[in-house]
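Visitor: UniProt numbering numbers the first residue of the sequence shown as 11 and each following residue consecutively.
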Amino acid sequence: AATTTLLEVADLHGWYGESHILHGMNFEIRQGEVVTLLGRNGAGKTTTLRAIMGMLGRSQGSIQFEGRQMCGLASNKIAKHGIAYCPEERGIFASLSVEENLMLPPVVRPGGMTVPEIYEIFPNLLERRRSPGTKLSGGEQQMLAIGRILRTGASLLLFDEPSEGLAPVIVQRIGEVIRTLKAKGFTILLVEQNFRFASTVADRHYVVEHGTVIDMIKNSEIAANADKLHTYLGV
Ligand code: ATP
Numbered sequence: 011a012a013t014t015t016l017l018e019v020a021d022l023h024g025w026y027g028e029s030h031i032l033h034g035m036n037f038e039i040r041q042g043e044v045v046t047l048l049g050r051n052g053a054g055k056t057t058t059l060r061a062i063m064g065m066l067g068r069s070q071g072s073i074q075f076e077g078r079q080m081c082g083l084a085s086n087k088i089a090k091h092g093i094a095y096c097p098e099e100r101g102i103f104a105s106l107s108v109e110e111n112l113m114l115p116p117v118v119r120p121g122g123m124t125v126p127e128i129y130e131i132f133p134n135l136l137e138r139r140r141s142p143g144t145k146l147s148g149g150e151q152q153m154l155a156i157g158r159i160l161r162t163g164a165s166l167l168l169f170d171e172p173s174e175g176l177a178p179v180i181v182q183r184i185g186e187v188i189r190t191l192k193a194k195g196f197t198i199l200l201v202e203q204n205f206r207f208a209s210t211v212a213d214r215h216y217v218v219e220h221g222t223v224i225d226m227i228k229n230s231e232i233a234a235n236a237d238k239l240h241t242y243l244g245v
């Protein structure tokens, strides 16, 4: 089948100061896929997203996005090429309303979603559009953090543990949102520790340990690999 590779990460190394954290990450994501990085605490998943986004002090290797080299570029340049990042801490501004938060990230490419289209996916944000960021529940904050990067025109979305700390019913909603975004053509790289959640949304999973990818498991083969996954994730 004619599937295009959207992101190709090859021999990626990354450092925090003197600490060498990423030791040669290798993985790829095809256009329209939802792919996860699974792994234990401290394996280097968040660091990988930060490296892709140009937010590590030092990184080395290759990060090809749509055939262009991102490694070494500044964050704002990377964003302009069409990659958007939704960090674990969500970054909602408490002093701004929902709608003001939504309007915050700059539109970098044509083809982004309009505000009404975003409210269609997140009806509760429409209801809350004049509420300050502080008044939102954790789930609403997560929805807003996802919603506001959809305006930018980015085609590759990086999500860091969107399910974290949320009630099961909200985690289900986030799962629906991710499936909707996939159906709309977005490509998604998801960092997760909750592999039961990951298995409801993803096409493939890369297992990360000590800053490298140690295995790749197709979601369709996840049941057959359950024992292996339990060992990797220590669950
Ligand atoms: P987590 O679920 O904890 O986020 P992770 O797989 O995403 O797990 P990372 O956050 O990428 O792991 O962390 C990888 C390693 O980098 C850990 O050993 C962590 O202690 C270290 N680290 C993370 N942030 C920093 C930082 N700002 N300065 C120095 N070391 C850091």
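Idealized CB from N, CA, C, for every residue including glycine.
Small disclaimer: the values here were computed from a predicted structure and weren't measured.
Grab the span of the alpha helix (DSSP H) containing Phe207 for me, first residue to last.
Guide: It spans Phe205 to Val211 - the alpha helix (DSSP H) in which Phe207 sits, taken as one unbroken run.
Visitor: Here's the rule I'm using: 16 or more other beta-carbon atoms within 10 Å means buried, otherwise exposed. How should Val179 be labelled?
Guide: Exposed: under 16 other Cβ atoms inside 10 Å.
Visitor: In the DSSP assignment, find the alpha helix (DSSP H) that holds Leu91 and state where it starts and stops.
Guide: Contrary to the premise, residue 91 reads as His rather than Leu in this sequence. Segment Ser85 to His91, the alpha helix (DSSP H) holding His91.
Visitor: In chain order, what residues of the same chain lie with their CB nearer than 6 Å to the CB of Gly24, ignoring the 5 residues before and after it?
Guide: Excluding residues within five positions, the ones whose Cβ falls inside 6 Å are Ile31, Leu32, Thr57, Ala61, Leu66 and Ser69.
Visitor: From Thr190 to Phe37, what distance separates their C-alpha atoms?
Guide: Those two C-alpha atoms are separated by around 24 Å.
Visitor: Measure the C-alpha to C-alpha separation of Ile156 and His91 and round it to an integer number of angstroms.
Guide: The straight-line gap from Cα to Cα measures roughly 18 Å.
Visitor: Could you say if the stretch 191 to 203 and the stretch 151 to 169 meet the contact criterion of at least three C-beta pairs nearer than 8 Å?
Guide: Cβ pair count under 8 Å is three or more, so yes.
Visitor: Counting along the chain, where does the alpha helix (DSSP H) carrying Met226 start and finish?
Guide: No alpha helix (DSSP H) contains Met226, which is instead part of the beta strand (DSSP E) from Thr222 to Lys228.
Visitor: What's the gap between the Cα of Leu239 and the Cα of Arg140?
Guide: Taking the straight line joining both Cα atoms gives about 44 Å.
Visitor: On the CB-based measure, 16 or more other CB atoms within 10 Å of its CB, does Glu231 come out buried or exposed?
Guide: So Glu231 ends up on the exposed side.
Visitor: Which whole runs of the alpha helix (DSSP H) in the stretch 107 to 139 are 4 residues long or more, in chain order?
Guide: You should have 108 to 113, 125 to 131 and 133 to 137.
Visitor: Within the chosen definition, does the stretch 37 to 51 reach the stretch 13 to 20 through at least 3 CB pairs nearer than 8 Å?
Guide: Short answer: they touch.
Visitor: Mind checking His220: buried by the 16 CB within 10 Å criterion, or exposed?
Guide: Label assigned to His220: exposed.
Visitor: In whole angstroms, what separates the C-alpha of Leu176 from that of Val117?
Guide: When rounded, the distance between both Cα atoms is 29 Å.
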